[in-house]
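Right, one structure below, let's go through it.
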Amino acid sequence: MAAQSSLTPTSVTRRGLLGAAPLALLGAPLLAVEAHAATARNARLVRWSGTGYNAGTHSGTGLSSQGLYFSGARRTTTCRDVYAGRTLTQGVATWTSQVVGSGLAAKELIASWNASTHPGSAVRVLLRARSSAGAWSKWFVMGLWSSSSPKATSPTRTSVNSQSDAIARVSTDTLVAQSGITLSHYQVRLELLRTLGTTAMPIVSQLSVVASTAKQSTTPVSPVGVARGVNLGVPAYSQMLHVGHYPAWNGGGEAWCSPTSTAMVLDYWKAGAPAGETAWVLPTPHTNPQVEQVVRGVWDAGFKGAGNWPFNVAYASARGLQGFVTRLRSLTEAELFIKAGIPLVVSTSFTSSQLTGAGFGTNGHLMVLRGFDASGNVRVNDPASGLKASNSLVPRTYNRAQFESAWGRSGGTAYVMYPKGRALPVRPAGLPTW
């Protein structure tokens, strides 16, 4: 879900544009954490990879050790790429999942994917949902992805807003149930696209869908878990160092929290862009040009932003990691990832008085969760850096209870990005969120 605004004292936004606020609370102390009842927020994640794709229906797709691949077009489609001013004719192969029960009274669905899309290829991801009353929605396009966009033979990477019916609507990358509706089941579809005249081979190694209940304005603080005192060595990058850069991509700064957070995690795993790849970035010399590299790789032409959640994860997969967008139930769950050495990019929403020390209010802001102090308070790399252009101001510690609610207002959304072969933590009891 997304919106755009400028950096003003009263603005609130989603996915990376900050609203400034008075700084009077910057010196307020952190509080010792007392555990209360865990949040009732709930989610369920389903992932497909390997032979798991055989539960669905193939039409022109095959399965290899690399994943689901384009084996032959079952139809062709001609579409006008309005962003690039060109027309492309593409062969289409399709995979459609089995009907999946959400396992809860879902209000939102988010699909994410790991894909290889060389020039001339792309992946279109679609969802449809069934209401608890038994009525199916239409198929909604949740994203057109190509890591090679905007090459001449590849379509422009984009989400597609303004889609809705009586059951659900699309908000950038999230399928949202209409008022009074909950979603009991869903299907996801992959369309693997190859531009005619090319031999490109799109491959999807992993596909995920997370179903979640309604977000909460206040989340009870969860008990401190296994990551007390852990501090992962994630590099610190400030989005504010990029203010005014590349106006066509929202001019950097307040618009770039998601790609800056993704860049930090990529470099933590040593999967970020090397110097030779960022030579195009201006001006030179340039601090942290890998941030611009991520912006270019995740830019969503339809949303006109770099904060599309699945696009950030898909970009990380194009750089050799694997990952998914999920919604966790609590910081206690998040601690399992931190203990396992896996930082999380998390989405938050708060007013200027709801997160002491942040220095602003926002309807949507991404940052890196990298650890917890001895009291269970949250150690983050906040790319907003107190609205000052300084990498040294990025590492911060926020009060656990305040942060838990700020994160809960965004549904506990997290990017989980990690190297292939790296073990995820053991899942706790309850519906799986990874």
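For reference, each letter of the sequence shown is one residue, going -37 to -1, 1 to 397 in mature numbering (1 follows the signal peptide of the UniProt record, and there is no 0). Ideal Cβ positions, reconstructed from N, Cα and C, are used throughout, including at glycine.
Limits of the beta strand (DSSP E) - the one that residue i falls within
i: serine 171; result: 166 to 175
i: glycine 260; result: That residue, glycine 260, is in no beta strand (DSSP E); its alpha helix (DSSP H) goes 253 to 261.
i: glycine 13; result: It is not in any beta strand (DSSP E) - glycine 13 carries neither H nor E in the DSSP assignment.
i: phenylalanine 323; result: 323 to 335
i: glycine 66; result: 63 to 69
i: residue 460; result: Residue 460 lies beyond the residue range present for the chain, which begins at -37 and ends at 397; the question has no answer from this structure.
i: residue 428; result: Missing from the structure shown is residue 428; the chain here goes from -37 to 397 and no further.
i: phenylalanine 103; result: 103 to 108
i: arginine 43; result: 38 to 44
i: threonine 311; result: 307 to 313
i: threonine 289; result: 284 to 290
Assumed close pair residue i, residue j - CB separation to whole angstroms, cut-off 8 Å
i: alanine 85; j: tryptophan 108; result: 6 Å
i: threonine 289; j: leucine 67; result: With a Cβ gap of about 14 Å, threonine 289 and leucine 67 do not count as contacting.
i: threonine 57; j: serine 22; result: 4 Å
i: methionine 164; j: glycine 286; result: With 8 Å as the limit, methionine 164 and glycine 286 do not qualify as a contact, their Cβ atoms being about 22 Å apart.
i: residue 399; j: glycine 19; result: Because residue 399 is not part of the residues shown, which for the chain are -37 to 397, the question remains open.
i: glycine 188; j: leucine 299; result: 7 Å
i: asparagine 340; j: asparagine 354; result: Wrong, their Cβ atoms sit about 22 Å apart, outside the cutoff.
i: aspartate 44; j: proline 118; result: 5 Å
i: residue 420; j: leucine 89; result: Because the chain spans -37 through 397 in this model, residue 420 falls outside it and cannot be assessed.
Residue environment, residue i, which counts as buried when at least 16 other CB atoms sit within 10 Å
i: threonine -30; result: The predicted position of threonine -30 is uncertain, since its pLDDT is 28 and thus under 50; a value taken from the coordinates is nonetheless stated next. Flag for threonine -30 reads exposed.
i: glycine 393; result: exposed
i: lysine 70; result: buried
i: threonine 396; result: buried
i: glutamate 154; result: buried
i: tryptophan 243; result: exposed
i: glutamate 296; result: buried
i: aspartate 128; result: exposed
Start-to-end residues for the alpha helix (DSSP H) that takes in residue i
i: alanine 226; result: 220 to 231
i: isoleucine 301; result: 294 to 302
i: tyrosine 378; result: Premise fails: tyrosine 378 lies in the beta strand (DSSP E), 376 to 382, not in any alpha helix (DSSP H).
i: arginine 363; result: 363 to 371
i: tryptophan 272; result: 272 to 281
Nearest candidate by alpha-carbon position, reference residue i, set the options
i: leucine 159; options: Thr52, Leu245, Val206; result: Thr52
i: threonine 161; options: Pro82, Thr250, Arg43, Asn354; result: Pro82
i: valine 228; options: Thr247, Arg333, Phe366; result: Arg333
i: glycine 196; options: Thr182, Trp232, Ser180, Thr225; result: Trp232
i: tyrosine 46; options: Thr135, Phe266, Leu138, Phe103; result: Phe266
i: tryptophan 102; options: Gln126, Arg4, Val193; result: Gln126
i: methionine 105; options: Gly322, Ser171, Gly35; result: Ser171
i: valine 276; options: Ala36, Leu89, Pro382, Ala131; result: Pro382
i: glycine 247; options: Val331, Gly260, His208, Gln141; result: The amino acid at residue 247 is misidentified as glycine; the sequence shows threonine. Among Val331, Gly260, His208, Gln141, the Cα nearest to that of threonine 247 is on His208.
i: alanine 74; options: Gly13, Val167, Cys42; result: Val167
i: tyrosine 278; options: Ser100, Gly374, Val254; result: Val254
i: alanine 199; options: Pro183, Ser316, Val331, Ser65; result: Val331
i: arginine 10; options: Ser312, Ser368, Gln61; result: Gln61
i: proline 273; options: Lys302, Asn251, Ser221, Thr24; result: Ser221
i: glycine 384; options: Arg120, Ile301, Gly283; result: Gly283
i: glycine 304; options: Asn194, Gly320, Val173, Ser94; result: Asn194
i: lysine 351; options: Phe335, His205, Gly371, Trp370; result: His205
For residue i: DSSP bridge partner residues
i: alanine 140; result: Ala131
i: glutamine 150; result: Arg91
i: alanine 56; result: Leu155
i: threonine 247; result: DSSP, once it has assigned bridges, lists no residue as partnering threonine 247.
i: isoleucine 73; result: Thr137, Val173
i: arginine 7; result: Ala174
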